[in-house]
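Participant:
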């Protein structure tokens, strides 16, 4: 038999270990049995409104037990879920809902201000709030998926790129499954394991924790917002054994930790979201904190390269080797790079996306013969350990969020006073990196930094809004007129 | 991307954790890096003799590091391996080699007596001994499989049935992979894990340990023969955390253990091979030994139902619930049984075989719509826990080996003095069960117990040879002339 289908994950888990705690949120525990019943009830309520197998539903929700239940309820019905980043502006959200051809949009009162604006931009999309859904009486019978078909789409997450427009990354049940398998074969699994989720569940970093949750039968502690003091208390007193963080979070956690330490039961600080500064890793090493650097992205359904435990101290700075089901190579001008020679990071494996939703051309550009061209730059040392040098030049990371300069440039350029714009990033103590825009204005027009920043705020999520606007007479371009963002960065350095 | 292929398992493991100990045998340790190099060298030597991708090769070897290396070497070349049970007679072995259409047969000097007889029965099959292979100079280049294709056949294991003739069960790489995944999601995995293999590697119980070995990166201690004193020493002093046993082995281990106990690090006594007597489980419970009853067979590539840790003491006697990727139902006359109602155990999952080698009809009879009809009898309690009542009526277990009465009957009936024979089993302190034959002789002919037993010894593996022959004038048959083995069993009871 081929592995095309598996039993419905949460249902199976509720059958195998009903009384284990599945999720802890807001000082309440939910067992797998309870979670399953809540998901089933919600699924029936959704079905009573006409949500059906094969529908596409966009979801805008906070980190909350209700969101976890909603996701499972939608999986139960066989609905493809578009995971919306709740930091986005109403315009950005509307765009993604329309682009994904969602028939349904589920959100919550908390976002009522955003929802009013989104509502205007949508037509034909049925909008439901969780507070309303709760009041539905539900159907006696809803068609619950007994099995998940691994080739079918589970979730869609938008990510931007060189084009400026975000693209929906397709994540199948199989992608999520294999990602969980790759992780468990590296990190292991014990009955005591408890994964702390302080990263957003609309990101793959958070969502993948909830996939492992039901597949492994492992407890997850979920919080709405990441708070370093709470995190340290959880690790020290509540038995958290694994936590996913990005560099900015790790910084805050260490600062809060001070001279205190963690119990031996804490076994993994999974550090993703871009290359970590060496001093941070050294500090963790000196404090005996088991940091596992990892490399992954939306397209690989979370980790694809992670440092194995035995190398966490000797190969410091490396993201490790590709997880068991996955493969990796470095390419330079179409050939395989030599050891220590930097080039493009190219990956493959059953956790890698089949492509971008309704974007055939961009899919073909990114995925060739089953290999995903990440655009990121790195090298393998002589022992095969990956060192990520830089996320691709058109991307930087601010507070754990990917920021795509092209997307910001495209917004700024729409302002009537602007002729063209170029965006790069500058170091920031708190966020790691923040955007900076270089702007050329039309002749005979006037604008200023304040006006442009306020314009950006209307159209871009806060983490994408430039911290600074620099007016200039032209942008650096190469002979084929391609914007040279590295030159912007250089000139930024020279100005300091 | 679909999960059709994975990186070559041992190679990948040698890349990820080269310096971890892979196997300990005969007081020597072999790391994954060493094991990979040994397998590669052997693969090159085999390739130099012409063994190629797609070939079928029967293997008759003892539990030994060389056998582990040989298996990997054959996987490296993409050769399908027929795993021969080394307790079989030359006739039985010859039959399986021919039936599987093996082009190659690899064995070792240890079996030279058997080999001489097998040699006579084979023509066109190329025979190699490991001692010869060692002397080959090898090729510089052999085509090593970089990837394993999950749908491809990895191994073939013979198992008998009602027909009397053994059938080759096809086990794909995918079957083995998913079996390992089902196990890890139930038992967990830690860096300290060490699985003791005292069961034969030609059985799925032993082979599956070596699949987990490379997939998990987990140490395995291999011994040639199961010895209870050695087992207890290994658990008490050498850090064994998991061991696979059958009832007869557990009996011996407990006897040897006496009033001693196991360290806390020992976390799983995986007990397969048929329903265990309650008193044995109670004794383990009182000694704090973590017994995990499990149900599985060659067709499910090892465990398919195992009791989860939290129920090991409360659901004593149950084999548990189907592992995460698998499903189970009980059928009575084509309908689903009620809770507590006994019926046929029917299973499905990606670890279940696609069928029997070159036996289309028997495959169709056993596997319907992806569900394997095991012929075994059991029931589910109201909470869904499986209780195996009896392996199918045409099968019993002697010292962990499946014994098929039809096969023994077929041999005895070939004796010139025998008109017909019926076989059942009787309880035995050491082996659990041993065969007993009821024989009707032709009129005007003469034979005796000694002669028939000696005849059986020539044609049947020792564990299949009846311990007793009972002569009678007729066999109990139903109206459609089907032999009623249960009646034989009854009359055996009455005779005592």
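Chains as they are written, first to last, in full-length UniProt numbering: chain A, 1 to 496; chain B, 1 to 496.
Virtual Cβ for every residue (Gly too), placed ideally from N, Cα, C.
Can you tell me where the alpha helix (DSSP H) holding residue 100 of chain B begins and where it ends?
Facilitator: Position 100 of the second chain, counted from the first residue, corresponds to residue 100 of chain B. Per DSSP, residue 100 of chain B belongs to no alpha helix (DSSP H) and is neither H nor E.
Participant: Here's the rule: buried if 16 or more other CB atoms are within 10 angstroms of the residue's CB, otherwise exposed. What is residue 442 of chain B?
Facilitator: Position 442 of the second chain, counting from 1, holds the residue named residue 442 of chain B. Exposed is the call here.
Participant: Among B:80, B:281 and B:109, which one has its Cα closest to the Cα of residue 148 of chain B?
Facilitator: Looking up residue 148 of chain B in the second chain gives position 148. Checked all of B:80, B:281 and B:109; the closest Cα to residue 148 of chain B is B:80.
Participant: Between residue 292 of chain B and residue 270 of chain B, is the Cβ-Cβ spacing less than 7 Å?
Facilitator: As a first step, residue 292 of chain B must be located in the second chain, where it is residue number 292. As a first step, residue 270 of chain B must be located in the second chain, where it is residue number 270. Contact: yes.
Participant: Going by other Cβ atoms of all chains shown within 10 Å of its Cβ, with 16 needed for buried, is residue 193 of chain A buried or exposed?
Facilitator: As a position in the first chain, residue 193 of chain A is number 193, starting the count at 1. By the 10 Å Cβ count, residue 193 of chain A comes out buried.
Participant: Taking residue 369 of chain A as the reference, give the member of A:354, A:75 and A:219 with the closest Cα.
Facilitator: Residue numbering aside, residue 369 of chain A sits at position 369 when the first chain is read from its first letter. Per the Cα distances, A:354.
Participant: Note down, in chain order, all residues in the stretch 16 to 33 of chain B with a beta-carbon under 9 Å from any beta-carbon belonging to chain A.
Facilitator: Cβ contacts with chain A come from 16, 17, 18, 19 and 20.
Participant: Report yes or no: is there a C-beta of chain B within less than 7 Å of the C-beta of residue 138 of chain A?
Facilitator: Locating residue 138 of chain A in the first chain gives position 138, where the first residue counts as 1. By this cut-off, residue 138 of chain A is not an interface position.
Participant: Extract the residue ranges of the beta strand (DSSP E) inside the stretch 102 to 141 of chain A, only unbroken runs of 3 or more that lie entirely within it.
Facilitator: Counting whole runs of 3 or more residues, the stretch 102 to 141 of chain A contains the beta strand (DSSP E) stretches 104 to 107 and 126 to 129.
Participant: Under three-state DSSP, which class holds residue 235 of chain A?
Facilitator: By one-based count along the first chain, residue 235 of chain A stands at place 235. In this structure, residue 235 of chain A counts as helix in the three-state DSSP scheme.
Participant: In this structure, does DSSP put residue 1 of chain A in helix, strand or coil?
Facilitator: The residue given as residue 1 of chain A occupies position 1 in the first chain. For residue 1 of chain A, the predicted structure reports a pLDDT of 43, less than 50, and the residue's modelled location is therefore unreliable. The matter cannot be settled from this model.
Participant: Does residue 91 of chain A come out as helix, strand or coil in the three-state DSSP assignment?
Facilitator: In the first chain, the residue the question calls residue 91 of chain A occupies position 91. Helix at residue 91 of chain A.
Participant: Under 7 Å, do residue 11 of chain B and residue 36 of chain B count as touching if we go by C-beta distance?
Facilitator: Position 11 of the second chain, counted from the first residue, corresponds to residue 11 of chain B. Position 36 of the second chain, counted from the first residue, corresponds to residue 36 of chain B. Yes, Cβ-Cβ distance for residue 11 of chain B and residue 36 of chain B is below 7 Å.
Participant: Identify the contact partners of residue 7 of chain B in chain A, using a Cβ-Cβ distance below 9 Å as the criterion.
Facilitator: Taking the second chain and counting its residues from 1, one reaches residue 7 of chain B at position 7. 322, 324, 325, 326, 327 and 349, listed in chain order.
Participant: How big is the Cα-Cα spacing for residue 100 of chain B and residue 58 of chain B?
Facilitator: Along the second chain, one-based indexing puts residue 100 of chain B at 100. Along the second chain, one-based indexing puts residue 58 of chain B at 58. Each residue's Cα considered, the two are about 8 Å apart.
Participant: Counting contacts by CB-CB distance shorter than 7 Å, is residue 239 of chain A in contact with chain B?
Facilitator: Stepping through the first chain from its first residue, residue 239 of chain A is reached at position 239. No - not a single Cβ of chain B is within 7 Å of the one on residue 239 of chain A.
Participant: Should residue 189 of chain A be flagged as near chain B, meaning a C-beta pair shorter than 7 Å?
Facilitator: Counting from one through the first chain, the residue named residue 189 of chain A turns up at place 189. It does; some Cβ of chain B falls within 7 Å.
Participant: Taking the alpha carbon of residue 305 of chain B as the point to measure from, which residue in B:63, B:351, B:458 and B:34 has its own alpha carbon closest?
Facilitator: Taking the second chain and counting its residues from 1, the one referred to as residue 305 of chain B is at position 305. Comparing Cα positions, the closest option is B:351.
Participant: Short of 7 Å Cβ to Cβ, which residues in the stretch 171 to 187 of chain B face chain A?
Facilitator: Going along the stretch 171 to 187 of chain B in chain order, one finds 174, 178, 181, 184 and 185 with a Cβ nearer than 7 Å to chain A.
Participant: In terms of alpha-carbon separation, which member of A:62, A:408 and A:259 lies closest to residue 418 of chain A?
Facilitator: Working through the first chain from its first residue, we reach residue 418 of chain A at position 418. Taking only the C-alpha atoms, the option nearest residue 418 of chain A is A:408.
Participant: So residue 14 of chain A is in the beta strand (DSSP E); what residue range does that whole segment cover?
Facilitator: Numbered from its first residue, the first chain carries residue 14 of chain A at position 14. Segment 9 to 16 is the alpha helix (DSSP H) holding residue 14 of chain A; no beta strand (DSSP E) there.
Participant: With 7 Å as the threshold, decide whether the Cβ of residue 308 of chain B is near any Cβ in chain A.
Facilitator: The count along the second chain starts at 1 and reaches residue 308 of chain B at position 308. Cβ-Cβ to chain A under 7 Å: yes for residue 308 of chain B.
Participant: Using a cut-off of 7 Å between C-beta atoms, extract the partners of residue 120 of chain A located in chain B.
Facilitator: Numbered from its first residue, the first chain carries residue 120 of chain A at position 120. Correct list: empty, because the minimum Cβ distance to chain B is about 39 Å.
Participant: Measure the C-alpha to C-alpha separation of residue 254 of chain A and residue 277 of chain A and round it to an integer number of angstroms.
Facilitator: The residue labelled residue 254 of chain A in the question sits at position 254 within the first chain. The residue labelled residue 277 of chain A in the question sits at position 277 within the first chain. When rounded, the distance between both Cα atoms is 14 Å.
Participant: At which residue ranges does the stretch 26 to 78 of chain B contain complete alpha helix (DSSP H) runs of 4 or more residues, listed in the order of the chain?
Facilitator: Counting whole runs of 4 or more residues, the stretch 26 to 78 of chain B contains the alpha helix (DSSP H) stretches 32 to 48 and 65 to 77.
Participant: At which residue ranges does the UniProt domain "AMP-binding enzyme C-terminal" (407 to 482) of chain B contain complete alpha helix (DSSP H) runs of 4 or more residues, listed in the order of the chain?
Facilitator: Fully enclosed alpha helix (DSSP H) runs of 4 or longer: 449 to 459.
Participant: From residue 563 of chain B to residue 73 of chain A, what does the alpha carbon distance come to, in whole angstroms?
Facilitator: Since the first residue shown for chain B is 1 and the last is 496, residue 563 of chain B is missing from the structure and cannot be characterised.
Participant: What does the Cβ neighbour count give for residue 260 of chain A, buried or exposed, with the cut at 16 atoms within 10 Å?
Facilitator: Position 260 of the first chain holds residue 260 of chain A. Exposed, since its Cβ has fewer than 16 Cβ neighbours within 10 Å.
Participant: Taking the DSSP output, what are the residues bridged to residue 344 of chain B?
Facilitator: Taking the first residue of the second chain as 1, we reach residue 344 of chain B at position 344. Beta-bridge pairing links residue 344 of chain B to B:331 and B:377.
Participant: Quick one: what does DSSP say residue 291 of chain A is sitting in, helix, strand or coil?
Facilitator: Here residue 291 of chain A refers to the residue found at position 291 when the first chain is read from its first residue. Here residue 291 of chain A sits in strand by DSSP.
Participant: Please name the residues in the stretch 206 to 218 of chain B whose beta-carbon is closer than 9 Å to at least one beta-carbon of chain A, in chain order.
Facilitator: Against chain A - using a Cβ distance shorter than 9 Å - the residues of the stretch 206 to 218 of chain B are 215, 216 and 217.
Participant: Pop quiz: residue 128 of chain A and residue 98 of chain A are said to be a contact at Cβ under 8 Å. What is the actual Cβ separation, rounded to whole angstroms?
Facilitator: Position 128 of the first chain, counted from the start, is the residue given in the question as residue 128 of chain A. Position 98 of the first chain, counted from the start, is the residue given in the question as residue 98 of chain A. In fact, because the Cβ distance is near 17 Å, the residues do not count as touching under 8 Å.
Participant: Look up residue 189 of chain B in the DSSP assignment and say whether it is helix, strand or coil.
Facilitator: Counting from one through the second chain, the residue named residue 189 of chain B turns up at place 189. It is a strand residue.
Participant: Once DSSP output is grouped into helix, strand and coil, what is the label at residue 398 of chain B?
Facilitator: Taking the first residue of the second chain as 1, we reach residue 398 of chain B at position 398. Residue state, collapsed to three classes: strand.
Participant: Check the Cβ of residue 12 of chain A against every Cβ in chain B and list those closer than 7 Å, keeping chain order.
Facilitator: For the purposes of this step, residue 12 of chain A is identified with residue 12 of the first chain, where counting begins at 1. What residue 12 of chain A touches in chain B: 324.
Participant: Closest to residue 30 of chain A by CA distance: which of A:222, A:372, A:429 and A:403 is it?
Facilitator: Within the first chain, numbered from 1, the residue matching residue 30 of chain A stands at position 30. Taking only the C-alpha atoms, the option nearest residue 30 of chain A is A:222.
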